[in-house]
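2 protein chains.
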Amino acid sequence: MKYNKDTSEKILENAFEEFGENGYNGARMQSIADRAGINKALLHYYYRSKDALFEIVMKKAFQIMVPKLMKTFNSDDSVCESIEKFVEIYIETIMKHPQIPGFVIHEISNKPDRLVRLIKSTEINFNLLKQKIQKEMDEGKLVQMAPEQLIVNVLALCVFPFMAKPLVTGLLLDGDKKAYKKLIEDRKKEVASFIIRSVKIEEPKS
Amino acid sequence: MKYNKDTSEKILENAFEEFGENGYNGARMQSIADRAGINKALLHYYYRSKDALFEIVMKKAFQIMVPKLMKTFNSDDSVCESIEKFVEIYIETIMKHPQIPGFVIHEISNKPDRLVRLIKSTEINFNLLKQKIQKEMDEGKLVQMAPEQLIVNVLALCVFPFMAKPLVTGLLLDGDKKAYKKLIEDRKKEVASFIIRSVKIEEPKS
DNA sequence: GTCTATAAGGTGATAGAC
DNA sequence: GTCTATCACCTTATAGAC
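Protein chains in written order, with this note's numbering: chain C, 10 to 215; chain L, 10 to 215.
Laid out in structure tokens, this is it:
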């Protein structure tokens, strides 16, 4: 009767994979059990239901992302410096956990309310960021635009290439997976430059 | 025995909605039948299987998008002018057919190969565009970067706000649906400006 | 804790009457 | 062409032995 302390953790890891690849609807408890080398019954023994398991895995995914990302906002950096850090950390973290975009994609179209609720329950808060952006625009440091538009642009440029990975690889890069990895790697710097060239107003020489 | 000529079309319309909202896995034949005011058996009478129905609806979605978008590429316009047109037409078309992003989202993570194959079977071809971009960069009209990066950026800025509609509305706009519509409407111009500010090199005065 | 066996519910698809 | 009834399958979840 050897007690395998990390069976529960092994389940979580493999559920993370399965849900990330197939979303809630596509994921199969049987498949998670297979991946983890156990059977369905044991799955239900540890985590009551598919729903419960999913919620836990989802929260885990956010715990990976959110704290790192929030650090880039709450600092005293300028908006442009914040964006540089945000982009780099976002891309780096997703490269380490490529399942995460899968979660978000699926949940957006499956149970968006649950997703919004979950994100709201984290320390993410866009209001501070909006204010910071507005301030720099008023000071003439940034091109005038609705702060929401800038935020959407930053998120779009970070998130989209991961969401659309098969399309980017298949349609734009002739299926070349190495080229995809390089493209993403390059974006750590490229995206921030792209944004900053567009919005930053250079200080006039005194 | 009144023959309802457009039963078949009514099915297609409602299948379009159902698949767009729930994706292939989430969609229910029963639900499509209900929406169309008929029953499951009739659904299978017109379209043999869920798979077959989906493929037809998917192709229909692309027939809406692709021709309009390709017109913006194959012209003699400069890259910047092409981008302006592309952005405006993309956003306008999706606003009229808000189910389309749903298709793409779901299929990306469900059967990406089918999606890539389907898009490849259209007249979409990024190679011409890549060359056009490269040429203008060589001529010093555009900031140097990998053409693929620019294309990804354009697509990201167009597509993301629709893919992430619930997140944008819920997290960034306090659930205000009118604000979302305005944000999207504004992006018709905003996105192109944003990109062009970043990549266009002004002609030196002669 | 871990397994096998099975219940309970739902889904795509078809048979057959009208 | 359109319906009702039903099949065959799959999936989550549980009962019960070890």
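Each residue gets a CB set at the ideal place from its N, CA and C atoms; glycine is no exception.
It should be emphasised that the depicted structure is a prediction, and the values quoted were computed from it without experimental measurement.
Under 9 angstroms Cβ-Cβ, which residues of chain C neighbour residue i?
i	result
residue 166 of chain L	161, 162, 165, 166 and 169
residue 6 of chain L	The structure shown does not extend to residue 6 of chain L, since chain L spans only 10 to 215, so no value can be given for it.
Taking residue i as the query, report the chain C residues whose CB atoms sit under 8 angstroms from its CB, ordered along the chain.
i	result
residue 175 of chain L	117, 121, 122, 124 and 125
Would a check of beta-carbon distances place residue i closer than 8 angstroms to chain L?
i	result
residue 12 of chain C	Here the model assigns residue 12 of chain C a pLDDT of 46, short of 50, so the residue's position is not dependable, and the following value carries that caveat. No, its Cβ sits nowhere closer than 8 angstroms to a Cβ of chain L.
residue 34 of chain C	yes
residue 172 of chain C	yes
residue 65 of chain C	no
residue 142 of chain C	no
residue 199 of chain C	yes
residue 151 of chain C	no
Based on DSSP bridge pairs, tell me the residues matched to residue i.
i	result
residue 151 of chain C	C/209
Determine the chain L residues that contact residue i at a beta-carbon separation under 8 angstroms, and present them in chain order.
i	result
residue 195 of chain C	155 and 158
residue 135 of chain C	180 and 181
Residue i touches chain L at which residues, Cβ-Cβ below 7 angstroms?
i	result
residue 203 of chain C	162 and 207
With 8 angstroms set as the bound, which would you pick, yes or no: does the beta-carbon of residue i sit closer than that to a beta-carbon of chain C?
i	result
residue 212 of chain L	no
residue 82 of chain L	no
residue 114 of chain L	yes
residue 111 of chain L	yes
Can you tell me the Cβ-Cβ gap for residue i and residue j, rounded? I've got them flagged as a contact below 8 angstroms.
i	j	result
residue 88 of chain C	residue 141 of chain C	6 angstroms
residue 182 of chain L	residue 188 of chain L	4 angstroms
residue 63 of chain L	residue 28 of chain L	6 angstroms
residue 111 of chain L	residue 32 of chain L	7 angstroms
residue 138 of chain C	residue 82 of chain C	6 angstroms
residue 196 of chain L	residue 175 of chain L	Contact flag wrong, Cβ pair sits at about 17 angstroms.
residue 123 of chain L	residue 116 of chain L	7 angstroms
residue 199 of chain C	residue 154 of chain L	6 angstroms
residue 102 of chain L	residue 77 of chain L	6 angstroms
residue 21 of chain C	residue 69 of chain C	7 angstroms
residue 98 of chain C	residue 135 of chain C	Contact doesn't hold; Cβ gap of about 17 angstroms is too wide.
residue 119 of chain L	residue 34 of chain L	6 angstroms
residue 207 of chain L	residue 206 of chain C	4 angstroms
residue 52 of chain C	residue 42 of chain C	5 angstroms
Whose Cβ in chain L lies nearer than 9 angstroms to the Cβ of residue i?
i	result
residue 98 of chain C	Residues of chain L passing the Cβ test: none, with the nearest at roughly 18 angstroms.
residue 192 of chain C	155, 157, 158 and 161
Show which residues of chain C have a CB atom less than 7 angstroms away from the CB atom of residue i.
i	result
residue 78 of chain L	The premise fails here: residue 78 of chain L is roughly 13 angstroms from chain C at the closest Cβ pair, so nothing lies under 7 angstroms.
Any heavy atom of the ligand NAD closer than 7 angstroms to the CB of residue i?
i	result
residue 125 of chain L	With respect to small molecules bound, the structure shown includes none, and the ligand NAD cannot be examined in it.
Just list the alpha helix (DSSP H) runs in the segment 46-124 of chain C, keeping only unbroken ones of 4 residues or longer that don't cross its boundaries, in chain order. 49-55, 59-80, 88-105 and 109-119
At which residue ranges does the segment 12-45 of chain L contain complete alpha helix (DSSP H) runs of 4 or more residues, listed in the order of the chain? The qualifying runs are 16-35 and 38-45.
Whole runs of the alpha helix (DSSP H) within the segment 153-180 of chain L, excluding any shorter than 4 residues: 156-172
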